[in-house]
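Take a look at the structure below.
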Amino acid sequence: MVLMASRILSRSHGWTLDNCHDYLPILIDNLISLDYRNRLISLEGLAAISDNLLEKLIKFSNFNAHRIGVDIAAEERTEKAKNCITMLRSVVKKRDWYYRQLDEESVDRLDATMERLKRI
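Set out below in structure tokens:
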């Protein structure tokens, strides 16, 4: 069910910070799924996040908490963005391991995404 929601978000360019925070762990877990369909959906989701949400993640993660007053929503966004960035960095760090687990087509798809994720 979550993977189908991810597919819909990817195709409609509907990825948000909250979606990323909630679905990214599942996408990462399914990158090496034996089920080709689940793996493809995960690769699509990761590609969509790296295409459409990466700049926002970086922007939200750099929130300056030293401003006067309390902005709890901004602090929550910052924590979610930092969490997503940490997960994406872990995928980049494990790049070679993922490549050894995947077939050639999946490696090609993931490689294009990895190029975009190297910026974070």
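1350 is the number of the first residue of the sequence shown in the working numbering; add one for each residue after it.
Don't be surprised by glycine CBs; every beta carbon is placed ideally from N, CA and C.
Nonlocal neighbours in the same chain, by C-beta distance under 6 Å from residue i, ignoring five residues either side
| i | result |
| --- | --- |
| Leu1396 | Checking the sequence, you will find Ala at residue 1396 rather than Leu. Closer than 6 Å at Cβ, skipping near neighbours: Thr1462. |
| Asn1401 | His1362 and Trp1364 |
| Ala1423 | Phe1412 |
Where the alpha helix (DSSP H) containing residue i begins and where it ends
| i | result |
| --- | --- |
| Lys1431 | Ile1421 to Lys1442 |
| Gly1394 | Tyr1385 to Asn1401 |
| Thr1462 | Glu1453 to Leu1466 |
| His1362 | Element bounds for His1362: n/a, residue is neither H nor E. |
Contacting residues, own chain, Cβ-Cβ under 8 Å from residue i (five flanking each side not counted)
| i | result |
| --- | --- |
| Ile1469 | Leu1403, Leu1406, Ile1407, Ile1434, Leu1437, Arg1438 and Val1441 |
Whole-number beta carbon distance between residue j and residue i, since they are thought to touch under 8 Å
| i | j | result |
| --- | --- | --- |
| Ile1390 | Tyr1447 | So it is not a contact: roughly 16 Å between Cβ atoms. |
| Gly1329 | Leu1366 | Here the chain covers residues 1350 to 1469 and nothing more, so residue 1329 does not appear. |
Distance cut-off 6 Å: residue i Cβ against heavy atoms of the ligand ATP
| i | result |
| --- | --- |
| Phe1412 | Absence of the ligand ATP from the depicted structure is noted, as is the absence of any ligand whatsoever, leaving it without description. |
When you compare the region 1421 to 1434 with the region 1392 to 1409, are there three or more beta-carbon pairs, one atom per stretch, that lie closer than 8 Å? yes
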